[in-house]
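With the first letter of the sequence shown counted as 1, position 38 gets the number 38 in our numbering; the numbers rise by one all the way through.
What follows is a set of notes on a single structure, which appears directly below.
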Amino acid sequence: MPADAAAHIRIARPSRDLEAAERFWVAGLGLDVQYRHAADGTPGRHSLLMVGWRGAGWHLELVHDPAAPTEPRPTAEDLLVVYLGEEVPEALVRRLEEHGGKRVPAHNPYWDTWGVTLRDPDGYLLVLSTRDWSSA
Numbered sequence: 001m002p003a004d005a006a007a008h009i010r011i012a013r014p015s016r017d018l019e020a021a022e023r024f025w026v027a028g029l030g031l032d033v034q035y036r037h038a039a040d041g042t043p044g045r046h047s048l049l050m051v052g053w054r055g056a057g058w059h060l061e062l063v064h065d066p067a068a069p070t071e072p073r074p075t076a077e078d079l080l081v082v083y084l085g086e087e088v089p090e091a092l093v094r095r096l097e098e099h100g101g102k103r104v105p106a107h108n109p110y111w112d113t114w115g116v117t118l119r120d121p122d123g124y125l126l127v128l129s130t131r132d133w134s135s136a
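This is the structure in structure tokens:
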């Protein structure tokens, strides 16, 4: 089958600390742990944490290689945007901050107009957008 709109997407990123990342993404945002694997010391074996919402067409894979860690290198334009279609609940922002996130001004002022930007423990940016999204 060729790639089409039904294809599942995995977004993979390096992580310094999978426990801190899990606190942010799972306890903070509310994603589910879909898979977890701890490195066992075998060369080339990475620790993995895959998180996402059940039934979603995407998931986030966070990778850590204890033998040869890759330092995360996010830029101001590396955004994961979640379209809420409503006001961003302050309780959600507080929960993300309590679980390792930091609210920051957006590099692009568009996102300050239409949402809230938070930096995750690895420095990547999560935007909670008040807008809706439809590709139809």
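A virtual CB, placed ideally from N, CA and C, is assigned to each residue, including glycine.
Residue from Glu-77, Glu-98, Pro-89 whose Cα sits closest to the Cα of Tyr-110: Glu-77
Close-in-space but distant-in-sequence residues of the same chain around Arg-54 (CB under 6 Å, 5 per side omitted): Asp-32
C-beta atoms of Gly-115 and Val-88 nearer than 8 Å: yes
Buried or exposed (CB count within 10 angstroms, at least 16 for buried), Thr-117: buried
Reduced DSSP category for Gly-28 - H, G, I as helix; E, B as strand; rest coil: helix
For Gly-41 and Leu-92, the rounded distance between their alpha carbons: 37 Å
Exposure label - Glu-121; buried when at least 16 CB within 10 Å: One point to set straight first is that residue 121 is Pro, not Glu, in the sequence displayed. When all chains shown are included, Pro-121 counts as buried.
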